[in-house]
Structures are given as structure tokens and as C-alpha cells.
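Right, one structure below, let's go through it.
Number of protein chains: 2
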Amino acid sequence: MKASIFIVDDHYMVIEGIHSLFHQEKDIEWMGHATNAESCLSFLKRQKPDIILMDVSLPGKSGTELCKEVKQLYPSVLVLGLSTFNQQAIIQNMMDSGASGYVLKNATKEELLEAISEVLKGKKYFSFEVVAALRETKEKQPLITRREKEVLQLIAEGLTNVEISEKLFISMPTVNTHRKSLLEKFGVKNTATLIGKAIKIGLL
Amino acid sequence: MKASIFIVDDHYMVIEGIHSLFHQEKDIEWMGHATNAESCLSFLKRQKPDIILMDVSLPGKSGTELCKEVKQLYPSVLVLGLSTFNQQAIIQNMMDSGASGYVLKNATKEELLEAISEVLKGKKYFSFEVVAALRETKEKQPLITRREKEVLQLIAEGLTNVEISEKLFISMPTVNTHRKSLLEKFGVKNTATLIGKAIKIGLL
DNA sequence: CAGTCAATCATTAAAAAAGATGATTTTTAC
DNA sequence: GTAAAAATCATCTTTTTTAATGATTGACTG
Numbered sequence: 040m041k042a043s044i045f046i047v048d049d050h051y052m053v054i055e056g057i058h059s060l061f062h063q064e065k066d067i068e069w070m071g072h073a074t075n076a077e078s079c080l081s082f083l084k085r086q087k088p089d090i091i092l093m094d095v096s097l098p099g100k101s102g103t104e105l106c107k108e109v110k111q112l113y114p115s116v117l118v119l120g121l122s123t124f125n126q127q128a129i130i131q132n133m134m135d136s137g138a139s140g141y142v143l144k145n146a147t148k149e150e151l152l153e154a155i156s157e158v159l160k161g162k163k164y165f166s167f168e169v170v171a172a173l174r175e176t177k178e179k180q181p182l183i184t185r186r187e188k189e190v191l192q193l194i195a196e197g198l199t200n201v202e203i204s205e206k207l208f209i210s211m212p213t214v215n216t217h218r219k220s221l222l223e224k225f226g227v228k229n230t231a232t233l234i235g236k237a238i239k240i241g242l243l
Numbered sequence: 040m041k042a043s044i045f046i047v048d049d050h051y052m053v054i055e056g057i058h059s060l061f062h063q064e065k066d067i068e069w070m071g072h073a074t075n076a077e078s079c080l081s082f083l084k085r086q087k088p089d090i091i092l093m094d095v096s097l098p099g100k101s102g103t104e105l106c107k108e109v110k111q112l113y114p115s116v117l118v119l120g121l122s123t124f125n126q127q128a129i130i131q132n133m134m135d136s137g138a139s140g141y142v143l144k145n146a147t148k149e150e151l152l153e154a155i156s157e158v159l160k161g162k163k164y165f166s167f168e169v170v171a172a173l174r175e176t177k178e179k180q181p182l183i184t185r186r187e188k189e190v191l192q193l194i195a196e197g198l199t200n201v202e203i204s205e206k207l208f209i210s211m212p213t214v215n216t217h218r219k220s221l222l223e224k225f226g227v228k229n230t231a232t233l234i235g236k237a238i239k240i241g242l243l
């Protein structure tokens with residue numbers, strides 16, 4: 040299976056690294072690179088690679104946005120997410136945007152090749168650590184309801200219970216109930232740690 | 040000026056990228072790489088490079104800790120921080136640990152070479168964006184005192200004023216004073232936003 | 001259709017944080 | 001060595017959060 044690949048990453052040394060890794064691979068046809076969303080899109084107007092390796096954190100338009108656009112314009116082009124981070128929320132976003140997999144930047148050449156090969160077959164591919172993290176955060180991350188999430192958001196913005204109640208058109212005691220169940224579900228005992236944990240998990 | 044360099048980074052493709060960039064540079068002697076702090080230290084027992092390119096975010100022992108140890112054991116070895124992030128707190132930490140400069144991972148080959156050359160001359164080098172960010176966050180980031188930082192840390196851990204006062208052997212009203220000046224300096228009105236902002240800035 | 005859960009509201013009370021003001025003692029910096 | 005800034009403590013009030021308990025309604029699920 041010969042695959043043509045294109046890479047979007049704002050880190051020049053990463054591009055160079057992958058290029059160098061794939062240099063003598065016969066099954067990989069290197070089509071070029073871009074360091075931002077715009078030049079990636081303009082490249083796609085002319086040529087269509089089989090797979091795009093796409094960094095999720097790009098300057099300006101983010102990787103997830105770019106991914107969504109690419110999949111909309113050219114559904115046949117496969118996108119493989121690439122990132123340093125191992126955060127459930129980001130990965131989820133990327134997959135929701137139509138990516139076929141997610142590989143961390145500490146991947147070896149072998150892992151990258153396997154990812155490409157799997158994705159080409161129409162399968163999804165995730166780095167081992169990503170799978171572990173997804174499972175872990177799914178266990179760790181408290182299942183909060185829609186309403187609780189809204190309240191959490193507003194707490195983070197600095198609103199008091201009364202202000203939240205006015206904003207959501209509910210009574211203050213109700214806001215309080217949500218707040219308390221948030222504290223309980225996160226296993227924390229005050230606002231400070233609640234916010235800290237929520238940010239760490241990627242909910243805020 | 041011929042320089043021997045060693046690189047510590049947990050991202051294989053970055054190592055490969057830099058290696059590839061420096062491949063035909065005559066002035067650069069490639070001494071090898073490590074993907075974690077331990078193997079870096081064990082390498083240094085045998086050989087001393089002129090410069091270590093060091094990622095700040097390593098698995099296990101962090102880059103700043105490693106930098107501190109390296110400078111303690113081998114003061115003559117120069118350390119050049121390397122990272123994706125452009126956060127004042129991290130950079131400050133790295134410089135306090137004895138690094139000679141800080142380069143972002145989107146640097147070009149030319150920039151890397153210049154950084155190395157400057158650092159070899161005994162100067163400090165920072166990426167353009169780093170300088171800009173330093174100036175910017177210096178304006179944005181409130182100047183908090185040592186004590187205030189301690190209190191902030193403990194608030195983030197979820198301690199109440201009374202608990203903090205016991206931990207720091209000061210009276211509760213004093214803790215309150217610090218807390219209030221934190222709120223004022225951050226320009227926020229409650230704990231929730233205080234924690235949020237502190238994390239965003241990179242203080243927590 | 002019964003049981004579970006989300007979302008809502010109520011009451012009461014203790015604990016904690018936030019706001020205002022003022023003052024003393026160390027440190028630090030020029 | 002003096003002025004500024006940091007760290008400390010005190011008192012008092014108001015607002016907000018946390019806690020405990022209980023209860024109703026509507027939606028979804030097996």
C-alpha cells in the first residue's frame with residue numbers, strides 16, 4: 040500500500056523530522072507540508088494526498104477547525120491528528136471533526152507507519168497512550184449533566200449563585216443544588232479545587 | 040566555532056528533525072540524544088557536550104529540574120531550553136535553573152544555529168516570540184509576592200483560610216489580607232476566577 | 001408501567017470568603 | 001540610613017458558599 044502524505048504543523052523541526060523518517064520509505068510519497076491552515080487549504084485545491092498528518096494546535100485557525108473544513112471539502116482525504124497533548128477533550132474534538140486517528144508526537148517511525156497503514160484501510164488508529172488516557176479520563180471524569188455544566192461554566196466566570204440563578208431563570212436554591220452536586224461529583228470540597236480540577240480535565 | 044550538541048526531548052520526531060537539520064552542518068558535532076532525564080544524566084557521566092538542547096516538558100523529571108541538576112554537576116555545559124509553549128512562568132523557571140536561552144519549536148534552522156552561536160559566546164538567546172511574550176505577560180501578569188504565591192498555591196489545593204494560617208504559622212486575618220490582595224492584583228472578584236486566571240497565566 | 005435520574009424548589013444554619021479600615025514590624029532597595 | 005514595599009495582625013460587617021434534609025415534576029429506560 041503506497042500512500043501519499045501531506046503534513047500540516049507549525050513546528051518546522053517536526054516537519055523535518057517526519058520528512059527525514061519517511062525519506063527512504065518506498066511506500067510513502069511525500070507531497071509537501073504547510074505551517075498553517077491557509078496554505079494547507081490552498082495546496083488541497085491543486086492536489087489531494089491520501090492522508091494529512093495534522094497538528095491540532097496551529098496558529099490562527101485551529102487543527103480541529105481545519106480538519107472539519109478539509110473533510111467537508113474533500114471527504115476522501117484522510118486526516119490523522121498529531122499532537123503533544125494527551126487530553127481527552129481535544130482528542131474528542133478532533134474525532135468529532137472527522138479525523139481518522141490520533142498520534143502523539145513521541146511516536147516512533149514504526150508507530151507512525153502503522154497508523155498510516157491502518158487509517159488507509161479505513162480503520163481508526165490511536166496511540167497506545169491516547170487509548171490509555173481516554174479510558175482513564177473516562178473513568179476519572181465525572182459524568183455531569185447539561186445543566187451542571189452550564190452552572191460550572193458560570194461559576195468559572197465568577198458569577199455568584201444569585202447571578203447564575205438570574206441568568207438561567209431558575210431559583211437560587213436550585214443553583215446551589217447543582218453547585219453541590221458538582222462538588223460531590225468532582226470529589227472536591229470547595230470552588231477553588233473544583234475550578235482547578237475542571238480545567239485540568241479540560242472541561243473549561 | 041565548532042559546537043558539540045546533545046539533545047533531550049521525548050518527541051522522537053523532533054530529535055530526528057533537528058538531527059536532520061544539522062546533518063550537513065560542519066560546525067555542529069552531533070553527540071546523541073536522550074528521551075528522558077535519567078539517560079541524559081548517565082550520558083553526561085561519560086561525555087560533556089558544549090550545549091544541551093533541552094525540552095522543558097519531559098516525562099518524569101521535568102526539564103527545569105534536569106537543567107538545575109546538570110548546571111550543578113557540570114556548570115560548564117550550556118543549556119538551551121526548547122519548547123512548544125510560550126509561557127512566561129515556564130521560561131522564567133528555566134532561566135532561574137541556569138539555562139542560557141530559550142527557543143520555540145517552530146524555530147527555523149537558521150534561528151537554531153544563531154541561538155547556538157550566541158549561547159556559545161556566553162550570551163543569552165531568546166526566540167523573537169519569546170521576547171514578545173515575556174514583555175506582554177510581564178505587563179499582564181500581576182506582580183505577586185513570595186508569600187502571596189504560597190497562599191495562592193494553598194488556596195488552589197483547597198485549604199481554607201484557617202487551614203492555611205495553621206500551615207504557614209500566621210494568623211487567619213493575615214491569610215485573609217493576602218487573599219484579598221491576590222484578588223485585587225489579579226483584578227478578579229472571587230476564588231473561582233482567581234484560580235482560573237492563575238492557571239491560565241501558568242502560575243499553577 | 002415502574003424505577004431512575006435530571007431538574008426544580010424550599011428552609012435553615014454553620015462556615016467561609018469578601019470588603020473596609022487601620023496599624024505595626026520586617027525586609028528590601030536605593 | 002531612610003523610604004517603600006512586604007508581611008503581619010486586629011476588628012467588624014456583609015455576602016457567599018457549604019451543608020443537611022426533604023420534596024415535586026417530568027423525561028427516559030428497561
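In order, the protein sequences belong to chains H and U.
If you count by my numbering, then the first sequence holds residues 40 to 243, one letter each, in order.
If you count by my numbering, then the second sequence holds residues 40 to 243, one letter each, in order.
Quick reminder that beta carbons are idealized off the backbone N, C-alpha and C, glycines included.
Within its chain, find whatever has a CB closer than 7 angstroms to the CB of residue i; leave out the 5 residues flanking it on each side and keep chain order.
i: serine 43/H; result: Glu68, Met70, Pro88 and Asp89
i: lysine 236/H; result: Phe225 and Val227
i: methionine 40/U; result: Asp66, Ser156 and Leu159
i: phenylalanine 61/H; result: Ile67 and Trp69
With 7 angstroms as the threshold, decide whether the Cβ of residue i is near any Cβ in chain H.
i: leucine 60/U; result: yes
i: glycine 71/U; result: no
i: methionine 40/U; result: no
i: threonine 216/U; result: no
i: asparagine 145/U; result: yes
i: methionine 52/U; result: yes
i: isoleucine 130/U; result: no
i: isoleucine 240/U; result: no
i: isoleucine 234/U; result: yes
i: isoleucine 155/U; result: no
i: glutamine 171/U; result: In the sequence under discussion, the amino acid at residue 171/U is alanine, which differs from the glutamine named in the question. Output row for alanine 171/U: interface = no.
i: alanine 231/U; result: yes
i: isoleucine 194/U; result: yes
i: aspartate 89/U; result: no
i: aspartate 66/U; result: no
What first and last residue would you give for the alpha helix (DSSP H) that runs through residue i?
i: methionine 211/H; result: 211–225
i: isoleucine 129/U; result: 127–135
i: valine 190/U; result: 185–195
i: leucine 151/H; result: 148–159
i: leucine 112/U; result: 102–112
i: phenylalanine 208/H; result: Careful: phenylalanine 208/H lies outside any alpha helix (DSSP H) and carries neither H nor E.
i: lysine 162/H; result: Looking at the DSSP string, lysine 162/H is not in any alpha helix (DSSP H), and its letter there is neither H nor E.
Answer with yes or no whether the minimum CB distance from residue i to chain U is below 7 angstroms.
i: glutamate 205/H; result: no
i: glycine 137/H; result: no
i: lysine 228/H; result: yes
i: threonine 250/H; result: With chain H running from 40 to 243 in the structure shown, residue 250/H is simply not present.
i: isoleucine 57/H; result: yes
i: glycine 197/H; result: yes
i: aspartate 94/H; result: no
i: threonine 123/H; result: yes
Beta-carbon separation of residue i and residue j under 7 angstroms?
i: asparagine 125/U; j: glycine 99/U; result: no
i: valine 169/H; j: alanine 154/H; result: no
i: histidine 56/U; j: glycine 241/H; result: Checking the sequence shown, residue 56/U turns out to be glycine, not histidine. No, they are not a contact pair.
i: alanine 172/H; j: leucine 243/H; result: no
i: isoleucine 183/U; j: leucine 193/U; result: no
i: glycine 59/H; j: serine 59/U; result: The sequence given here has serine at residue 59/H, not glycine. Yes, Cβ-Cβ distance for serine 59/H and serine 59/U is below 7 angstroms.
Spatial neighbours of residue i within its chain, please: CB distance less than 6 angstroms, with the 5 preceding and 5 following residues excluded, ordered by chain position.
i: glutamate 187/U; result: His217 and Leu221
i: lysine 107/U; result: Ser136
i: serine 122/U; result: Val95
i: leucine 151/H; result: none
i: proline 181/H; result: Lys224 and Phe225
i: lysine 110/H; result: Gly137
i: valine 201/U; result: Met211
Beta strand (DSSP E) containing residue i: first to last residue?
i: valine 73/U; result: According to the sequence shown, residue 73/U is alanine rather than valine. That run of the beta strand (DSSP E) goes 67–73.
i: serine 43/H; result: 42–47
i: glycine 120/H; result: 117–122
i: glycine 140/U; result: 140–143
i: leucine 92/H; result: 90–94
Which residues in the same chain as residue i place their Cβ atom closer than 8 angstroms to its Cβ, once the five residues preceding and following it in sequence are excluded?
i: glycine 197/H; result: none
i: valine 47/H; result: His72, Ala73, Thr74, Asn75, Ala76, Cys79, Ile91, Leu92, Met93, Asp94, Leu97, Gly102 and Leu105
i: threonine 232/U; result: Phe225
i: glutamate 157/H; result: Gly140, Lys163 and Tyr164
i: glutamate 64/U; result: Leu152
i: valine 116/U; result: Leu83, Lys87, Pro88, Asp89, Ile90, Ile91, Val109 and Lys110
i: alanine 128/H; result: Ile240, Gly241 and Leu242
### Query
How do the region 209–220 of chain U and the region 209–226 of chain H stand: do at least 3 beta-carbon pairs fall below 8 angstroms, yes or no?
Below 8 angstroms, too few C-beta pairs join the region 209–220 of chain U and the region 209–226 of chain H to call them touching: fewer than three.
### Query
Is the region 144–152 of chain H in contact with the region 49–67 of chain U, if contact means three or more CB pairs nearer than 8 angstroms?
In short, these stretches touch, since the Cβ pair count reaches three.
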